[in-house]
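Numbering (my numbering), first residue to last: 56 to 208.
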């Protein structure tokens, strides 16, 4: 059975409310884990294992190339250097920090900020199209930085 979430066009796309329990526990756990990984890399360095795809060695970068280094540099506070490697690393690290802040405030106050998105079919199509367009643009950007991204660190 397929269930579709449909919201009337007059409903706001995003709403926020305060709950008495964490309705977004997966977000909290993911944010805490992501920030722990970024901070661990900031202190101890990049992982000792090779996490590149086989295409990387042929000079073909993907939109995620440089993300690990960018997350590490973001955790160290080097945003300009992180941007050079991959803006998604900055976005992921900042999002993880916000999720951790939300989690800690919720633990302290027993008030959890919950954000809800009302997805209409049109809003979903626009969001998918925007995400695909952003990934295509990022792919071209990362491919233009292939020489930087292929350097060993």
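Even glycine gets a Cβ: it sits at the ideal position worked out from N, Cα and C.
Neighbour-count burial assignment, residue 74, 16 or more Cβ in a 10 Å radius: Stepping through the chain shown from its first residue, residue 74 is reached at position 19. With a threshold of 16 other beta carbon atoms within 10 Å, residue 74 falls short and is exposed.
Alpha-carbon spacing of residue 78 relative to residue 114, whole angstroms: Residue 78 sits at position 23 when you count from the first residue of the chain shown. Residue 114 sits at position 59 when you count from the first residue of the chain shown. Spanning the two alpha carbons is a distance of roughly 43 Å.
Nearest to residue 200 (by Cα), restricted to the options 86, 142 and 98: On the chain shown, position 145 is the one that residue 200 refers to. When only C-alpha atoms are compared, the closest one is 142.
CA nearest to the CA of residue 72, picked from 110, 97, 112 and 167: Your numbering for residue 72 matches position 17 in the chain shown. When only C-alpha atoms are compared, the closest one is 167.
Bridge partner(s) assigned by DSSP for residue 169: Taking the chain shown and counting its residues from 1, the one referred to as residue 169 is at position 114. In the DSSP output, where bridge partners are listed per residue, residue 169 has 72.
Extent of the continuous alpha helix (DSSP H) to which residue 115 belongs: By 1-based counting over the chain shown, the position of residue 115 is 60. Premise fails: residue 115 is in no alpha helix (DSSP H) and is neither H nor E.
Under the three-state DSSP convention, the category residue 108 falls into: Indexing the chain shown from 1 puts residue 108 at position 53. Coil, per DSSP.
With 16 other Cβ atoms within 10 Å as the buried cut-off, status of residue 148: Position 93 of the chain shown, counted from the first residue, corresponds to residue 148. With 16 or more other Cβ atoms within 10 Å, it is buried.
Member of 204, 103 and 99 whose CA lies at the smallest distance from the CA of residue 29: Outside the displayed range of the chain (56 to 208) lies residue 29, so it cannot be described from this structure.
Length of the line joining the Cα atoms of residue 88 and residue 154: Reading the chain shown from its first residue, position 33 is the one you call residue 88. Reading the chain shown from its first residue, position 99 is the one you call residue 154. Those two C-alpha atoms are separated by around 10 Å.
Chain-order list of residues whose beta-carbon lies under 8 Å from that of residue 131 (same chain, five-residue window excluded): Looking up residue 131 in the chain shown gives position 76. Excluding sequence neighbours, residue 131 sits near 97.
Nearest to residue 162 (by Cα), restricted to the options 68, 69 and 76: By one-based count along the chain shown, residue 162 stands at place 107. The candidate whose alpha carbon is nearest that of residue 162 is 76.
Span separating the alpha-carbon of residue 158 from that of residue 145: As a working note, residue 158 is residue 103 in the chain shown. As a working note, residue 145 is residue 90 in the chain shown. Distance between the alpha carbons of residue 158 and residue 145 is about 20 Å.
Neighbour-count burial assignment, residue 197, 16 or more Cβ in a 10 Å radius: Within the chain shown, the letter at position 142 stands for residue 197. Buried: at least 16 other Cβ atoms inside 10 Å.
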